Amino acid sequence: MSDPFSWDDSGEPDFSSPPVPREGGIAARARAAAAGAPRYLDALNPEQREAVETLDGPVLVLAGAGTGKTRVLTTRIAHIVATGRARPHQILAVTFTNKAAREMKERVGVMAGPGAEGTPWLGTFHAISTKILRRHAELVGLKSGFTILDTDDQIRLIKQILQAENIDDKRWPARQFAILMDGWKNRGLEPERVPAGEAEAFANGKGRKLYGFYQERLKILNAADFGDLLLECVRLFRENPDILADYQKRFRYILVDEYQDTNVVQYLWLRLLAQSTPESPQHNICCVGDDDQSVYGWRGAEVENILRFDKDFPGAKVIRLERNYRSTGHILAAASHLITHNDGRLGKTLFTDGEDGEKPGVCSVWDSEEEARVIGEDIEQLQRQGKSLDEIAILVRASFQMREFEERFITLGLPYRVIGGPRFYERMEIRDAMAYLRCVAQPADDLAFERIFNTPKRGLGDATLKILHDNARLARIPLMQSARMLSETEDLKPQQRQTIRALIADFDRWSAQLGSMPHHELAEVILEESGYTDMWQKDRSADAAGRLENLKELIRSMEEFPDLAAFLEHISLVMDTESGDSDEKVSIMTLHGAKGLEFETVYLPGWEEGLFPHQRSLDEQGRAGLEEERRLAYVGITRAKERARIYFATNRRIRGLWQTTIPSRFVDELPADHVEVIESNSGNYGGYTVSRFNSTDTFGSSYTTPGWKRAQSYRDNPSSAASGARAAPKVIEGELVAKSSGGSNFQKGSRVFHIKFGMGNVAAVDGNKLTVDFDKAGRKMVLESFVETK
DNA sequence: GATGGGCAAGTTTTT
DNA sequence: CTTGCCCATC
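Numbering (the numbering used here), first residue to last: -10 to 779.
Pasting the structure below:
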């Protein structure tokens, strides 16, 4: 048998691979030994191979950027299975993101071949915790069907509690308390264990009490927030040693991805599961991570977890992966040298056998506008060389930086995609639609009911809600039922009563259809009949069309699930849609969002003190903050395979004010031998461009005076410098790909719709370029291919 | 109960 | 310069 991944043993009821001759684990192992090293190991370098083959005892794999971390993890899983050490369902493999989990699952699946058992315990910390909690929900005061609240639900719940406690939520914002509580949960602290000082700090000493109330409310609602998923799981393990022992026995091998990003609860969770048991006397835990890529300290990640791994797990074997397969020599050298400025590293030296390649470029520009223009031109040049736009990314420190690039790219007609924005499932319309579905599937879901009971507007407000609430609390029934009760009495005004009665009738009808209609069709019916789709169709604002698109996408994605319940479970934990468009586009995203990705060409704008490293990071975290920012810079550079360009502007508009900035200290920390200073060729107007490499005098100049601003605006747009409004984006002659030579399809005065700017009137037509007065966004110059007639 | 104007605040983000 | 939230008004 050539496939090392078919094994036998049909002892598991859920095991559905085709019948194969029964063999014992020992035989399988013997066969693997006889066959010599399996093929899948051939593709590994010696260090990777060691990381895969060291199966006994704790292992820490320090995997530098681009060193084949995922390959090691997936091959290791395959290897454990192939050698008969454990079967897939005895392996626990945790990741942080659904994306990472999905990728790993796919790759393991490919290695294992068709028909092999899946890996049921490969998933995110949260997904696996949920799975465990659902089995033992009663032990932590929940019922198995508990709902998972997202941040939005969480805030609304907190608001209710603050109100009930008569706390001024102006002085003590719910959002702030949510963050505080999240921090406690991340640190594994239940209400009674929050340090007194911290607990007192909120709402004049009421912090702990509020946290307690909140947890009580969650239990009553049969709900858990994201933090609870981990925290309650840890509590479950602590309070029920027999259950813990069961899982310890089950999970013979534990693998952890991105270990440098684990927080305290996740660490506790892992430590409990990895404890020695008679069946498994060794800690067969393998953590993979890179201390140099720890950039989530601000949300509770503890780099210390990875730094003290060998103390937590004595006798741990540490394996370093330092051979980089991604970047060229100069890029690697630049990143490596930069990161040596950090203290407290475990230390790795990345190297590559590849070419030296192009040196990373460093380029000084006048302001953020020029930055966008220069980068745009650079990309167009790459495009002319036939490079794929999919292999180009702009990585920013803060999302406000994205706007300028978007505007520039729209003008240039350069396709781009913004990655990161509000996630699909966080969008208002998706959450509203989900709330309707939740109300049908889980009639006791009060938060869902509250969300949609007056969406679309049907004349029900706070006053009515309060009556429903009071009645619900009195009778100890869910809101939906309370509404039903009140629709039959005289407690409400006739108008409201009528509306509620109709709403209840709707829900009854939909619930009845639940069994007789495919759930995605039902969803469509619900959105239609509730008037929800109508609401957006009538909406004339810029993003209404997009929202309707999203709703369609939601319904489409439902088809992939067997029923509504399965869909809801999935969506509460995952729901990131891969936007199906396959057109080539430049990616714009934050440095955080870029972690784990790679591109041929990477642009790194905004390397200025205050922005990067970010001032707030320095103020709040001091040296640790600076080091985290530096790791972020390291992550940024190491995303590049062939080309990296760093930019810093002399002037940047922050909160509407122009400020003179100084270049980031990280620029000077780059190794001079491995970077190249680039002149911004287009920005050299009258010698205004200041390259700090030519002239260090960028300090203390009064570049924000009105005169300078005028000069700058004139420079960009000599013809219209006098126009008071925001200068129209400059169009570079002859650079635009002219299309439809036979004149424009648009005329002056046409009413048009633009995906970003909304509705507007065409003010002027110039070939395929339109000047449009948008209702909301003002005058913009856009390409005609970006608008449609309405 | 809806709607619009005024005011404060404004890294990074997954689940 | 934006955006989002709260409050006062119709």
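Using N, Cα and C, we set each Cβ at its ideal position, and we do this for glycine too.
Small disclaimer: the values here were computed from a predicted structure and weren't measured.
Continuous beta strand (DSSP E) stretch holding residue i: start and end
i: residue 630; result: 629 to 643
i: residue 665; result: 665 to 667
i: residue 576; result: 575 to 579
i: residue 649; result: 646 to 649
i: residue 406; result: 405 to 407
i: residue 251; result: Premise fails: residue 251 is in no beta strand (DSSP E) and is neither H nor E.
Cutoff 6 Å; reference residue i; Cβ partners in own chain excluding five residues on either side
i: residue 220; result: 174, 254
i: residue 176; result: 253
i: residue 392; result: none
i: residue 350; result: 634, 665, 667
i: residue 424; result: 437, 440, 441
i: residue 286; result: 617
i: residue 481; result: 475
i: residue 556; result: 547, 550
Straight-line Cα distance separating residue j from residue i
i: residue 131; j: residue 346; result: 58 Å
i: residue 467; j: residue 461; result: 6 Å
i: residue 764; j: residue 362; result: 26 Å
i: residue 96; j: residue 113; result: 16 Å
i: residue 168; j: residue 410; result: 20 Å
i: residue 203; j: residue 104; result: 46 Å
i: residue 75; j: residue 44; result: 11 Å
i: residue 808; j: residue 429; result: Given a span of -10 to 779 for the chain in the structure shown, any question on residue 808 remains unanswerable.
i: residue 773; j: residue 514; result: 36 Å
i: residue 384; j: residue 193; result: 42 Å
i: residue 120; j: residue 505; result: 29 Å
i: residue 780; j: residue 595; result: Past the boundaries of the shown model lies residue 780; the chain is included only from -10 to 779, so the question cannot be answered.
i: residue 576; j: residue 107; result: 33 Å
i: residue 593; j: residue 352; result: 10 Å
i: residue 84; j: residue 246; result: 5 Å
i: residue 730; j: residue 554; result: The predicted model places residue 730 with a pLDDT of 33, which falls under 50 and marks its position as unreliable; any figure quoted below should be read in that light. Cα to Cα, the separation comes out at about 54 Å.
i: residue 277; j: residue 444; result: 46 Å
i: residue 237; j: residue 225; result: 13 Å
i: residue 171; j: residue 528; result: 36 Å
i: residue 621; j: residue 636; result: 15 Å
i: residue 728; j: residue 311; result: Its pLDDT being 29, under 50, residue 728 is placed unreliably by the model, and the measurement read from it follows with that caveat. One C-alpha to the other measures close to 49 Å.
i: residue 257; j: residue 165; result: 25 Å
8 Å Cβ shell around residue i - same chain, five flanking residues per side excluded
i: residue 374; result: none
i: residue 439; result: 145, 454, 468
i: residue 30; result: 38, 41, 42, 64, 68
i: residue 736; result: 751, 754
Per DSSP, the bridge partner or partners of residue i
i: residue 753; result: 760
i: residue 603; result: 599, 600
i: residue 214; result: 138
i: residue 82; result: 111, 244
i: residue 306; result: 48
i: residue 593; result: 635
i: residue 652; result: 597
i: residue 740; result: 750
i: residue 384; result: 578
i: residue 353; result: 637
i: residue 38; result: Residue 38 pairs with nothing; no bridge assigned.
i: residue 769; result: 761
i: residue 588; result: 629
Residue i - containing alpha helix (DSSP H), residue span
i: residue 131; result: Premise fails: residue 131 is in no alpha helix (DSSP H) and is neither H nor E.
i: residue 29; result: No alpha helix (DSSP H) holds residue 29; DSSP gives it neither H nor E.
i: residue 459; result: 451 to 464
i: residue 776; result: Unbroken run through residue 776 is the beta strand (DSSP E), 776 to 778; no alpha helix (DSSP H).
i: residue 469; result: 468 to 475
i: residue 59; result: 58 to 71
i: residue 489; result: 483 to 502
i: residue 92; result: 87 to 101
Residues near residue i in its chain [Cβ-Cβ closer than 7 Å; skip 5 each side]
i: residue 477; result: none
i: residue 318; result: 341, 343, 344, 345, 346
Runs of alpha helix (DSSP H) lying entirely within the region 356 to 380, each at least 4 residues, in chain order: If only uninterrupted alpha helix (DSSP H) runs of at least 4 residues are considered, those enclosed by the region 356 to 380 are 357 to 373.
Sequence ranges, alpha helix (DSSP H) only - wholly within the region 263 to 304, length at least 4: Within the region 263 to 304, the complete alpha helix (DSSP H) runs of at least 4 residues are 292 to 296, 298 to 301.
Residue ranges of each alpha helix (DSSP H) within the region 183 to 213, 4 or longer: The region 183 to 213 contains these whole alpha helix (DSSP H) runs: 185 to 190, 196 to 210.
Runs of alpha helix (DSSP H) lying entirely within the region 307 to 344, each at least 4 residues, in chain order: List check, alpha helix (DSSP H) in window: 318 to 328.
Whole runs of the beta strand (DSSP E) within the region 402 to 445, excluding any shorter than 3 residues: Secondary structure remark: continuous beta strand (DSSP E) runs of at least 3 residues inside the region 402 to 445, in chain order: 405 to 407.
Whole runs of the alpha helix (DSSP H) within the region 518 to 575, excluding any shorter than 4 residues: Those alpha helix (DSSP H) runs which fall completely within the region 518 to 575 and span 4+ residues are 521 to 527, 533 to 547, 553 to 562.
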